[in-house]
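In what follows, a single structure is set out as structure tokens and then discussed.
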């Protein structure tokens with residue numbers, strides 16, 4: 065499976081890097097391909113290292129203004145003109161999406177895939193990996209949107225919330241035949 069992971073390129077605390085590395089190693093051992101922002105820094109590097117070191121493939125999609133940080137040695141690396149093209153290619157190249165901890169860029173990517181799902185423009189499974197409760201507030205906001213009628217489809221049809229890396233990958237592998 066080609067799994068797009070949206071995540072931070074910042075250096076982060078062990079409570080975030082350890083689960084990200086665990087997910088990456090599970091991906092690699094499972095023979096999956098990482099589709100990611102292509103950066104060789106921070107959490108993006110941690111995940112790319114984990115996938116590559118355990119036998120998985122790397123497909124990076126970077127953007128011109130970040131090309132200097134692109135990972136050398138990826139199986140495939142595409143450099144796009146802008147962020148919109150980058151997001152489009154990331155989603156095109158993936159069978160599924162995992163949202164890990166990140167900032168505004170990660171949140172933008174996450175909400176775009178959920179909006180596409182809401183309108184029936186994709187049926188790719190999406191997992192939000194809620195490492196160390198990072199997305200508790202967002203999860204609560206999504207639930208409120210559902211309860212108060214802002215989502216025309218059930219929240220559970222848009223995103224699966226996983227607290228641990230093993231649960232995230234198990235969910236994706238369980239949807240593989242349904243995608």
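Residue numbers (the numbering used here): 65 to 243. For each residue, glycine too, the CB sits at the ideal point set by N, CA and C. The model shown is predicted, which means the values in this text are computed figures rather than measured ones.
Each residue's CA atom was taken as its position, placing residue 66 and residue 198 some 25 Å apart. When the Cα atoms are used, residue 135 and residue 102 turn out to be separated by approximately 6 Å. Closest in C-alpha terms to residue 146, from the list 131, 138, 160, 159, comes 131. Beta-bridge pairing by DSSP links residue 144 to 127. Pairing residue 193 with residue 229 gives a Cβ-Cβ distance under 8 Å.
With a cut-off of 8 Å on Cβ pairs, the segment 95-113 is not in contact with the segment 185-192, counting fewer than three such pairs.
Per DSSP, the unbroken beta strand (DSSP E) holding residue 226 starts and ends at 224-226. Relative to the Cα of residue 182, the nearest Cα in the group 90, 162, 76, 206 belongs to 206.
Take residue 138, set aside five residues on each side of it, and the residues of its chain with a beta-carbon closer than 6 Å to its own are 122, 124, in chain order. When secondary structure is reduced to three states using DSSP, residue 66 falls in the strand class. Around the Cβ of residue 220, a 10 Å sphere holds fewer than 16 other Cβ atoms; the residue is exposed. Residue pairing by DSSP places residue 121 opposite 97 in a beta bridge.
Counting along the chain, residue 192 sits inside the beta strand (DSSP E) bounded by residues 190-193.
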